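Peer 1:
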Amino acid sequence: APVVAVVGRPNVGKSTLVNRIIGRRQAVVEDVPGVTRDRVPYDAQWNGRRFTVVDTGGWEPDAKDRAAAIANQAEIAVQTADVVVFVVDVTVGPTDVDEAAVKMLRRSHKPVILVANKADNQSLEMEAVSLWSLGLGEPHPISALHGRGSGDLLDDILNALPTPPPIVEGGPRGPRRVALVGRPNVGKSSLLNRVSKEERAVVDSVAGTTVDPVDSLVEMDGELWQFVDTAGLRKRVNQASGTEYYASLRTAGAVEAAEVAVVLLDSAEVISEQDQRVLTQVVDAGRALVIAFNKWDLVDADRRIFLDKEIDRELKRIPWAIRVNISAKTGRAVDKLAPALRKALASWEQRVPTGALNQWLTTLTQATPHPVRGGRAPRILFATQAGVAPPRFVLFTTGPLDAGYQRFIERKLREEFGFEGSPIEVSVKPRK
Ligand code: GDP
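Numbering-wise (the UniProt record's numbering), the sequence shown opens with residue 19 and increments by one.
(1) Just to confirm, is the Cβ distance from residue 309 to residue 281 under 7 Å?
(2) Where residue 423 and residue 149 are concerned, what is the direct C-alpha to C-alpha distance, given to the nearest angstrom?
(3) Helix, strand or coil: how does DSSP classify residue 347 here?
(4) Less than 7 Å between the beta carbons of residue 153 and residue 159, yes or no?
(5) Please name the residue or residues paired with residue 15 in a DSSP beta bridge.
(6) DSSP on residue 150, reduced to helix/strand/coil?
(7) By the 10 Å Cβ neighbour count, where 16 or more other Cβ atoms means buried, how is residue 169 classified, buried or exposed?
(8) Cα-Cα, which of 426, 302, 404 and 397 is closest to residue 416?
(9) Is the beta carbon of residue 110 closer than 7 Å to that of residue 73?
(10) According to the neighbour-count rule (16 or more other Cβ atoms, all chains shown, within 10 Å of its Cβ), is residue 360 buried or exposed?
(11) Taking C-alpha atoms, which residue in 115, 161 and 117 lies nearest to residue 137?
(12) Three Cβ pairs or more, each shorter than 8 Å: is that satisfied between the segment 376-395 and the segment 327-342?
(13) Taking only runs that begin and end inside the segment 266-321, name each unbroken alpha helix (DSSP H) of 4 or more residues, in chain order.
(14) Starting from the Cα of residue 100, find the closest Cα among 127, 388, 118 and 195 and give me that residue.
(15) How far does the alpha helix (DSSP H) with residue 109 in it reach, from first residue to last?
(16) To the nearest angstrom, how far is the alpha carbon of residue 418 from that of residue 326?
(17) List the whole-angstrom C-beta distance separating residue 283 from residue 311, where the pair is believed to meet the contact cut-off of C-beta under 8 Å.
(18) So, with DSSP's three-state summary, where would you put residue 428?
(19) For residue 332, tell me which candidate among 290, 197, 343 and 347 has the shortest Cα-Cα distance.
(20) If you follow the alpha helix (DSSP H) that residue 115 is part of, which residue opens it and which one closes it?
(21) In terms of residue numbering, what span does the beta strand (DSSP E) encompassing residue 445 cover?
(22) Per the contact definition of three or more C-beta pairs closer than 8 Å, is the segment 195-211 in contact with the segment 23-42?
(23) Excluding five sequence neighbours on each side, which residues of the same chain lie with their C-beta closer than 6 Å to the C-beta of residue 108?
(24) In whole angstroms, what is the alpha-carbon distance linking residue 172 and residue 163?
(25) Is the beta carbon of residue 214 less than 7 Å from the beta carbon of residue 232?
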């Protein structure tokens with residue numbers, strides 16, 4: 019298993035963090051300065067990924083005798099690690115000892131995740147800004163003691179680990195999971211049948227993957243896709259479609275299990291409230307989105323004009339959704355589906371480097387500053403992308419932003435970096 023070493027000065031909370039990572043509920047034993055501890059490896063697991071966490075003694079360079087020995091232990095731990103988690107006490111800020119540790123970490127050329135520990139509340143979380151000066155990139159504010167932020171940290175640790183060897187030939191991960199949703203009679207079963215027969219390979223299981231029996235594996239465009247929760251679709255020919263309530267529960271389940279949703283709309287009919295609810299379910303769940311206008315074979319020139327107007331009006335809140343015009347009946351443009359899904363998923367997992375994000379933001383906010391209210395205007399201090407799938411951004415500001423200005427930032431963010439086919443989240447953290 020890959021190795022994660024946790025290092026930092028004495029008393030910054032390394033043991034507490036290790037306890038948190040391995041899910042141990044023991045009395046916390048914090049570092050005692052000057053006392054040598056062995057490097058202790060623990061087995062840990064997060065999101066199904068196993069790794070080893072090495073707890074090290076407090077790192078104190080240049081201290082004599084035993085402290086020096088501990089520093090040495092920590093250095094050895096770093097040398098043998100795949101990823102280093104460097105813990106700093108946010109209530110103290112960066113110290114000379116932390117700076118010295120950073121030099122040692124640089125020499126190691128290992129990926130380092132900077133943790134601002136003891137960020138027990140929001141104002142301490144804001145203090146994490148000061149740790150940018152260490153030059154290790156984005157600080158991760160957490161409270162190892164209370165658990166605040168530890169899930170996000172674990173996600174980032176997993177992301178930094180070397181990619182595991184592929185289980186299935188043809189890709190390091192299982193097939194992408196797709197939800198095929200839409201109101202009754204839009205053509206979900208027809209589309210599933212179409213892609214299943216057009217694209218030769220329909221398989222029920224693939225060695226090394228676990229596919230739920232209610233799912234369908236379909237090859238499209240040379241890639242295997244897992245359509246989730248399609249058992250009902252396959253069987254049903256003439257759908258006696260329960261109540262809308264149950265239909266919406268089924269949709270919610272499929273969307274939850276998927277990474278990307280294909281929402282089918284009926285091109286021959288008006289975009290209804292029920293269609294809107296399905297779209298909202300996907301957006302609220304934070305999944306990538308492809309809208310397939312099905313029954314395109316029924317669209318003539320007149321309908322086309324109405325439909326374009328309808329789209330402008332009804333889909334203006336999701337201009338970023340990828341659209342394909344298909345016919346499950348004739349097979350028209352069904353081959354556009356896989357490329358659309360790939361594009362949406364790429365946006366969904368896109369990561370904007372912090373440097374590029376802040377450079378862009380500085381230029382933007384200089385050109386168009388926040389409007390002045392009561393003699394003052396809040397400033398955006400910096401931004402980071404807090405996560406992916408979907409992309410989540412945090413703006414650290416001197417005060418709350420006007421809703422209109424926040425929407426402006428969001429719109430510009432999309433203009434600059436794309437995210438076609440994916441919802442994004444922007445949240446604001448005003449300094450207290
Ligand atoms: P589901 O309830 O969403 O699974 O919809 P079905 O796949 O059962 O389709 C409902 C009806 O629409 C059936 O009568 C299909 O033959 C018809 N249909 C599906 N796709 C198309 C299409 O692309 N064009 C046309 N003209 N009819 C379609």
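All C-beta atoms, glycine included, are put in the ideal place defined by N, C-alpha and C. Computed from a prediction, not measured in an experiment: that's the story for all the values here.
Peer 2: Based on what the coordinates show:
(1) Contact: yes.
(2) Take the alpha-carbon of residue 423 and the one of residue 149: they are about 28 Å apart.
(3) Reduced to three states, the DSSP call for residue 347 is coil.
(4) Not closer than 7 Å, so no.
(5) Outside the displayed span of the chain (19 to 450) sits residue 15, for which this structure offers no information.
(6) Residue 150: helix per DSSP, three-state reduction.
(7) Exposed is the call here.
(8) From the listed residues 426, 302, 404 and 397, the smallest Cα separation to residue 416 is found for 397.
(9) Their beta carbons are not under 7 Å apart, which means residue 73 does not touch residue 110 by this criterion.
(10) The residue is buried, with at least 16 neighbouring Cβ atoms inside 10 Å.
(11) Distances from the alpha-carbon of residue 137 to those of 115, 161 and 117 put 161 closest.
(12) With a cut-off of 8 Å, the segment 327-342 and the segment 376-395 do not count as touching, because too few Cβ pairs lie within range.
(13) As for any alpha helix (DSSP H) of minimum length 4 sitting wholly inside the segment 266-321, the runs are 291-302, ordered along the chain.
(14) Of all alpha-carbon atoms in 127, 388, 118 and 195, the one lying nearest the alpha-carbon of residue 100 is that of 127.
(15) First-last for residue 109: undefined, no H or E at that position.
(16) Approximately 38 Å between the Cα atoms of the pair.
(17) With a contact defined as Cβ atoms closer than 8 Å, residue 283 and residue 311 qualify at about 5 Å.
(18) Residue 428: helix per DSSP, three-state reduction.
(19) For the residues 290, 197, 343 and 347, the minimum Cα distance to residue 332 belongs to 290.
(20) Bounds of the alpha helix (DSSP H) holding residue 115 are 114-126.
(21) It spans 443-448 - the beta strand (DSSP E) in which residue 445 sits, taken as one unbroken run.
(22) The segment 23-42 and the segment 195-211 do not touch, with fewer than 3 CB-CB distances between them shorter than 8 Å.
(23) Its chain contains 134, 136, 137, 142, 145 and 146 as the residues whose beta carbon lies nearer than 6 Å to that of residue 108, once the 5 sequence neighbours on both sides are disregarded; these appear in chain order.
(24) Cα to Cα, the separation comes out at about 15 Å.
(25) Cβ distance not < 7 Å, so residue 214 and residue 232 don't count as in contact.
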